[in-house]
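First the structure, in the form of structure tokens, and then the observations on it.
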Amino acid sequence: TKANSIGSKLSVRLSFTRGATAGVGLVAAIALIQILFPKEQSAPEIVDLAANPAPEDNQTTAPAAVIQNKSTPDDESKGSIQPAAMSQSTIANLTLSKPLLIPRSNFKMDTTGLPTLGDLDAPQRIACIFDYTCHHCRNLHGFIRQLLVKYDGQFSSLMIPMPLDAKCNRLMKKTPKDHQNACEYAKLCLAVHQADPEKYDAFDTWLFSHHTTVKTVPAVMEYAQQLVGADKLMEALQSKRVKKQLESNVTAYETTSKIGRKSSMPQTIIGSQVVFGPPPNVEALDKILRQILKVK
Numbered sequence: 072t073k074a075n076s077i078g079s080k081l082s083v084r085l086s087f088t089r090g091a092t093a094g095v096g097l098v099a100a101i102a103l104i105q106i107l108f109p110k111e112q113s114a115p116e117i118v119d120l121a122a123n124p125a126p127e128d129n130q131t132t133a134p135a136a137v138i139q140n141k142s143t144p145d146d147e148s149k150g151s152i153q154p155a156a157m158s159q160s161t162i163a164n165l166t167l168s169k170p171l172l173i174p175r176s177n178f179k180m181d182t183t184g185l186p187t188l189g190d191l192d193a194p195q196r197i198a199c200i201f202d203y204t205c206h207h208c209r210n211l212h213g214f215i216r217q218l219l220v221k222y223d224g225q226f227s228s229l230m231i232p233m234p235l236d237a238k239c240n241r242l243m244k245k246t247p248k249d250h251q252n253a254c255e256y257a258k259l260c261l262a263v264h265q266a267d268p269e270k271y272d273a274f275d276t277w278l279f280s281h282h283t284t285v286k287t288v289p290a291v292m293e294y295a296q297q298l299v300g301a302d303k304l305m306e307a308l309q310s311k312r313v314k315k316q317l318e319s320n321v322t323a324y325e326t327t328s329k330i331g332r333k334s335s336m337p338q339t340i341i342g343s344q345v346v347f348g349p350p351p352n353v354e355a356l357d358k359i360l361r362q363i364l365k366v367k
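Each number in this note's numbering comes from the position in the sequence shown (counting from 1) with 71 added on.
As structure tokens, this is what we get:
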């Protein structure tokens with residue numbers, strides 16, 4: 072229907088409660104609230120987690136968030152930027168990745184199973200929590216690619232696939248229509264990186280090309296097999312490492328959302344600050360990076 076072809080907002084609410092068996096525990100649930108059809112994209116919100124007061128352990132709710140998956144045709148022409156092919160990039164070596172620390176939390180994320188775009192030796196790093204099935208997450212990816220080229224060697228971007236899919240995300244009560252197969256895409260991203268980290272950049276560039284549409288799972292699987300080999304890919308897909316990494320990615324999202332009291336996707340972690348929601352264009356993200364990272 073026409074309604075299905077225009078942009079939608081998926082409102083979700085996180086609930087945080089005290090755990091029953093372990094000191095201070097955290098239980099989060101995402102409930103589907105409503106579906107709207109916006110004409111304009113909401114502005115992202117920037118929260119400094121280091122300055123934000125820590126939530127009480129018995130906090131029960133967090134603000135509803137908006138996950139924008141599609142845009143109207145007018146939005147497409149204004150904001151879409153194709154991912155830029157990178158002439159040079161260093162993919163994260165499995166033994167050299169630095170852990171990701173989220174301010175005001177005890178969460179220390181092992182990043183050895185995550186791909187990094189850009190120069191691994193760059194003095195600064197951002198992190199992008201995304202879902203491939205999320206339209207604005209794909210748009211943000213293109214913006215990041217553009218700026219990695221512009222500020223070559225000044226920063227890198229850790230990529231954290233966080234599927235909005237109940238099949239592998241304990242926070243989701245059910246999978247929204249727009250996020251079907253999100254778990255499969257996330258697993259493939261992680262599996263390609265695990266099987267052959269040096270091939271991830273080629274995979275990532277191909278996956279996010281023509282990003283206004285989602286590539287089919289069979290097509291993505293076939294391309295991944297061509298890059299790393301069918302046996303190596305299958306071994307990685309079935310590994311406990313990929314499963315544990317996905318669980319860790321969900322926890323990272325849960326942690327930033329609780330401390331920031333926002334749960335919009337995508338999320339871009341820049342120092343102690345988190346950009347909740349998608350910047351409307353590459354210029355907006357450029358301004359944010361210049362303000363926070365002081366890139367030139």
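Don't be surprised by glycine CBs; every beta carbon is placed ideally from N, CA and C.
Close Cβ partners of residue i (< 8 Å) along its chain, the five nearest in sequence each way excluded
i           : result
residue 306 : 266
residue 296 : 304
residue 360 : 197, 218, 222, 226, 341, 366
Nonlocal neighbours in the same chain, by C-beta distance under 6 Å from residue i, ignoring five residues either side
i           : result
residue 172 : 179
residue 150 : Low confidence applies here, because residue 150 scores a pLDDT of 39, under 50, leaving its location unreliable and the question unanswered by this model.
residue 253 : 202, 204, 234, 235, 236
Beta-carbon proximity check, residue i vs residue j, cutoff 7 Å
i           : j           : result
residue 341 : residue 363 : yes
residue 264 : residue 204 : no
residue 261 : residue 313 : yes
residue 120 : residue 174 : yes
residue 248 : residue 237 : no
residue 255 : residue 285 : no
residue 299 : residue 117 : no
Closest by C-alpha distance to residue i, when choosing among the options
i           : options            : result
residue 182 : 194, 176, 192, 198 : 198
residue 357 : 211, 258, 328, 285 : 211
residue 344 : 224, 327, 294      : 327
residue 301 : 259, 321, 319, 355 : 259
Cβ distance (whole Å) where residue i is taken to contact residue j below 8 Å
i           : j           : result
residue 349 : residue 268 : With 8 Å as the limit, residue 349 and residue 268 do not qualify as a contact, their Cβ atoms being about 27 Å apart.
residue 230 : residue 188 : 6 Å
residue 366 : residue 222 : 4 Å
Pairwise C-alpha distance: residue j and residue i
i           : j           : result
residue 227 : residue 323 : 19 Å
residue 138 : residue 335 : Here residue 138 scores only 45 on pLDDT, less than 50, and its place in the model is too uncertain to base an answer on.
residue 303 : residue 122 : 44 Å
residue 273 : residue 290 : 15 Å
residue 194 : residue 317 : 27 Å
residue 309 : residue 169 : 25 Å
Neighbourhood of residue i by C-beta, 7 Å cutoff - its chain only, sequence neighbours within 5 removed
i           : result
residue 154 : With a pLDDT of only 37 at residue 154, under 50, the local geometry of the prediction cannot be trusted, and no value is derived from it.
residue 208 : 201, 202, 336, 337
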